[in-house]
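Written below as C-alpha cells is the structure these notes are about.
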Amino acid sequence: MQIADPIPTPATSPAAHSRFWQRLHRRYGDVLALLPPGPPTRQTLEQALQALQAQGHPLSAALRMLRQLAMERLMELDCSQQADLATITQGVTALAELALDRACQQTRQELDERHGPLLGSDGQAIPLWIIGMGKLGARELNVSSDIDLIYVYEHEGETQGQPDGRGKISSHEYFGKAVKAIYSLIGDTTEHGFVFRVDLALRPHGNSGPAAISLSALEDYLQVHGREWERFAWLKSRVVAPTASIKAPNVQALRSVVLPFVFRRYLDYNVFDALRSLHRQIREHAARRSAGHPERANDVKLSRGGIREIEFTVQLLQVVRGGQFPELRCRPTLEALQRLARANLMPQDTADQLAQAYTFLRNVEHRIQYLDDQQTHVLPTRDEDLEWIAHTMGYADIRSFLLQLDTHRELVAQEFDILLGSNQSDGCSSGMCGGPRAPQKTPAPELDTLIEQIPPLMAARVAEWREHPKVRGLRDEARSRLFRLVQQTAQRVSQGQLEETAAIRFINWLEPLLRRESYLALLLERPSVIDRLLHLLGAAKWPARYLLQHPGVIDELASEQLFSERFVAADFEHEMALRLAALESTGEDDDENLLNLLRRAHHAETFRTLARDVEGAITVEQVADDLSALADSVLRVTAQWCWKRLKQRHRDTPNFAIIGYGKLGGKELGYGSDLDIVFIFDDADENAPEIYTAWVRKLINWLTVKTGEGDLFEIDTALRPNGNSGLLVSSFQSYSDYQQQRGSNTAWTWEHQAMTRARFVLGSDDLRQRFDAVREAVITAPRDPQSLQEEIVSMRERVRGAHPVRSALFDVKHSPGGMVDAEFAVQYLVLSQSGQHPELIGNVGNIALLQRAEAAGLLPEGVGQHAATAYRELRRIQHKSRLDEGNGQVPEATVAQHRDAILALWHAVFPH
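Right, here's the structure in full:
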C-alpha cells in the first residue's frame, strides 16, 4: 500500500494554512501532478481532464476532480508565489469554459442519439449559445464563484426523431432537457463536490421563465420588458460555450440584439436612478444580514467601499456613455477603468487608485474563500486566519493589513458616493464635481401652478404645453422632471442670474427633445451642465440652433477641463482609432455606424470649441485654428476608412493628396464653413484614375450625406483644374502643368489668387514637398504688375457686384474698406512681390502677411499694421454677428477707424 506524502507544513507552503488546501492534499494528493506545471490554462486543463478520463473517471467525476486540482494550483500560485490577480481569475474562467464546452458536447450528443438531431427549417443544426454573465463574461471569476448563465438558441425547430418516427421533440423541449443535463454535469454535488454552482436567475423573466429561450423571444423580452438593472447584467455578457459557436458568424445576430439594449444611442442618465435603487437594495440586504452579526459587516464585496461599488462605478459610466463612445465597451473592470481615464471620464489618478483597491479587495476575497472553499466575502473572525491573510498579502501583521483595507474601502466609498450623489462634499477627485448628484425629490408643481409661479414671458410660452401632445404623453416621472427644470430656470431669472430670453430659448430647446427623457434626467443629475447650458443659450442664437440639431453634445459641458483645453488632432485621431477597433471587435463596423461615429465625434469637438468661444476662453483666431485642425483630422480619418473599404483598392496606402483652398487652406474656418478642396494623385497603375475617382466619390459621400446624426461638411471642388467641367481627381503632373501655365490648358489669374491660400492637407511627404514646390513656383512667377493689378481690381469689382450692400449699414466683409478689400490687396502683394521677397511665400494668414509686407518696405509705415489690426477686429465683429445669426452689417460709424485703415491699404496697393 502506497502511503501519501505528508501534508506540507506552513513553513514549506504558505497555502497550507487553508483547511481547503489540507483536504485537497488528503483526498487528491496522488493526482495533483496530473495538472501540468504553471498557471491553469485551457490547454493544461484539457491535458489534465484527458488524463483523469484515461484513468476511468466519467466526465462528471473528471470535471469535479479537475476543479480540485485547479484550486490547489491556484492557492499555491496566489499565496506562495504572489501570482497576479489575472492569473487566478483567468485560470478559474478557463476551467468554467472547458467544463461548459464538454458538458454541452456530451449533452447534445446524448440528446441527438435519443431524439435525433435538432434541425431548423433550413435543414441546419440549431446552435445553442451558453452566455456567461457577470464575472464569467468578463473572465473575472473568483475561486468560489457561481457562474451566471443564460441559454439562448438561434431559432425554433424540431428533432428528426428515431428511424421509426418516435422521439421527436420541439426545440423548446430539447433545450430544456439540455439545460438540466448540463446542470447535472456541472452543478450537482457528488462525492467529488461540484464543478461550479450554477445560477440561472438572470435569464428573461427570472426563475419563472423558461430555462432556455430563442433569440427572437430574447429580443422581444429586452425590448418590451428589459429593466434598467438588466442592462448592467448584460454589459459583461459573452458567449462562453460551446467553443465551436463562439466565433461563428451567426453569433453576430445575438450581439445585434444585446448591444442596443445595453448601450443606448443617446447619452443615458436615466440609469442613475436605477443604479441608486439597486445599490440601496444591496446595502439594505447587507445590513439585514449583519443585524445581530457584526462580523458580517466586514464584507469585502457588498459592504460600503467594497468590490461591488467599484464595479457599479465603472459600469454606470460605461452604460451612460457606451452608446456614443464604443471604445468604452469592454468587460473586465480593470481595463474599463483605464478606458474611462483615457476618455477623460475619470482622472487617471482616480482610475489607478480604484484599480489598486479592486486588485487588493479581490485578493482578499480569494484568501477568504481559500480557507474553507465557501462562497463568502466576509473577513474571518479567528485571529490566526486574519494573520494568514495578512501574511500572504505581504503585510507584517493584522493591524497594517486592516489599515490598508480601510484606506482602500474609504476611497472607493467616497468615489461612489460622489458619482451617485449620495454624499455631497467639497472635495471632488472623480472629475464629476457639481454632478451627477441625486436630484432633489421635492414634488414638482402641476402645470397651472407652475405657470402662475414663473415670469410672464416664460409663463406664456409654457402655457402652450396645456395642449401639447408630447407634454401630455410624458410619463409622470418625466413630466415631473420637466416641470422641475422649468421651475429651477425661472428661479434663476427671478434672481437676476439669467435673462428671460435665454430661458425662452431653453424651453424652445427642450420641447423637441421631450421624447428623449434621458436629457431631462441628465440636466437634473448634473446641475453644472444646466448652468453652462443656460449661459450658452443666452449668449447667442447660433449655439441654441446647434444644440437643437445635436442635443447629445450637451454632456460635453460636464467636463471640468472644457475651458482649459484645446483641440489636439493626435488625441482625436487616436480616439477615433479606438472607437473603430471597438466596433470592429463586435462586428458593428458597417458604413452606417462609422458615418454616425464620425458625425458624433465632429459635432462634439465643434461644440467644445463653440463653448470655449462663447465663454471667451479662446480668440477668434484660435477658434479658426481649432476648427481647421478638426477638419484636417476628419478628412484624414475619413480618407483612411474609405480607402480600407474601397473594393477596387490596389495598394495598402494610396499615393494621394488633398489640397485645401479658401478658408480651409488659410486655416480660417468658421462654424458651418464649406471645405474648398482639390484631389490629386500620383500613381502609375493603369487603373489609377478610375480607382482614385471611385475613392473620392465615396469620400465626398461620407462627408456630405445626411444621416440621423446630421452631416459633416459641404464640399466644393470648383477650384480643381477646369473647375466643374474638369476631372474630379487630377494626376499630379496635369495639376502641376495647369497651375504653371504649361500647355494650352492653363490656370486663370483668379486661380493663382486662390493658390496664395492653398495648403497641403493630407497625403504622402513626397507629394507634400512637390506641391509646395508647385505653389511656390506659381506665386513667385514673374508677372506684369500693371496687368496683374487690373485683373485683380476687375475681379474685386465682380465680387462686389455679386454681393451688393443695399442698406445704409456697413458690411464688414463686402463694403469698401471691408475684409475682402484687405484679402485682395494681400493677394496682389504676394503674387507681385514674393519673387523678390520670399518672406511673403508662406501661407501664414492675412494679418501676418500685412505685417511682413510693411516690414519689407512694400507698404507705407503704419499702413500694414493698422490694416492688420482692422482686419482682425472686423473678423471678430463678423464672427460675433454670425454667432447671433446676424448678417455682419453694422452702423458705419462704429467701424469708421477700421474701414479707413483698410481703405488706406487699398489705395497704397492700387493707387489708380
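In numbering that gives the first Met the number 0, the protein residues as written are 0 to 911.
Where a beta carbon is used, it is the ideal one built from N, C-alpha and C, also for glycine.
Boundaries for residue 780: no beta strand (DSSP E) harbours it, and the DSSP string shows neither H nor E there.
When DSSP states are grouped into helix, strand and coil, residue 660 belongs to the strand group. When the alpha-carbon of residue 253 is set against those of 98, 586, 93 and 559, the nearest one is in 586. Put simply, of 337, 227 and 783 the residue whose alpha carbon is nearest the alpha carbon of residue 577 is 337. Each of 177, 136 and 249 was checked against the Cα of residue 234, and the nearest Cα belongs to 136. For residue 613, the enclosing alpha helix (DSSP H) starts and ends at 590 to 614. Between residue 610 and residue 562, the gap from beta carbon to beta carbon is short of 9 angstroms. Under the three-pair Cβ rule at 8 angstroms, the stretch 748 to 755 does not count as touching the stretch 642 to 656.
According to the DSSP secondary-structure assignment, residue 128 is paired through a beta bridge with 151. By the Cβ neighbour-count rule, residue 567 is exposed, with fewer than 16 other Cβ atoms within 10 Å of its own.
Take the alpha-carbon of residue 472 and the one of residue 220: they are about 24 angstroms apart. Between residue 232 and residue 309 a beta carbon distance of about 17 angstroms is seen, past the 8 angstroms cut, so the two are scored as non-contacting. Counting C-beta pairs with one atom in each stretch, the stretch 200 to 219 and the stretch 144 to 162 have three or more that are closer than 8 angstroms, which means they touch. Sequence-distant Cβ neighbours of residue 889 in its own chain, meaning closer than 8 angstroms and more than five residues away, are 808, 809, 811, 876 and 880. Secondary structure at residue 264: coil, using DSSP grouped into helix, strand and coil. By the C-beta density criterion, residue 681 is buried, having at least 16 other C-beta atoms within 10 angstroms. Between the stretch 191 to 202 and the stretch 160 to 175 there are fewer than three C-beta pairs closer than 8 angstroms, too few to call the two in contact.
Across the structure, residue 882 and residue 468 are spaced so that their CA atoms are roughly 32 angstroms apart. Around the CB of residue 396, fewer than 16 other CB atoms lie within 10 Å, so the residue is classed as exposed. The continuous beta strand (DSSP E) containing residue 680 extends over residues 674 to 680.
Here residue 17 is buried. Its C-beta has 16 or more other C-beta atoms within 10 Å.
In chain order, 34, 65, 69, 93, 94 and 97 place their CB closer than 8 angstroms to the CB of residue 44, counting only its own chain and leaving out the 5 sequence neighbours on each side. By the neighbour-count definition (other C-beta atoms within 10 Å, threshold 16), residue 330 is a buried residue. The beta strand (DSSP E) runs lying completely inside the stretch 701 to 766 and spanning 3 residues or more are 728 to 730 and 758 to 762, given in chain order. Closest in alpha carbon position to residue 601, among 574, 818 and 617, is 574. Nearest C-alpha to residue 771 among 798, 279 and 841: 841. Inclusion of residue 360 and residue 404 in the CB contact set at 9 angstroms is warranted, their separation being smaller than that value. Bridge pairing for residue 482: absent [DSSP]. For residue 111, the enclosing alpha helix (DSSP H) covers residues 84 to 114. In the three-state DSSP reduction, residue 185 falls in the helix class (H, G or I). Residue 22 sits in a helix when the DSSP states are folded into three classes. In terms of Cα proximity to residue 886, the closest of 769, 500 and 813 is 813. For residue 200, no beta strand (DSSP E) run applies, since DSSP gives it neither H nor E. Taking a contact as a CB-CB distance under 8 angstroms, the pair residue 802 and residue 669 does not count as one, their CB atoms being some 17 angstroms apart.
In the DSSP annotation of this structure, residue 363 is not part of any beta strand (DSSP E); the continuous alpha helix (DSSP H) holding it starts and ends at 347 to 371. The shortest CA-to-CA distance from residue 628 to any of 598, 256 and 569 is the one to 569.
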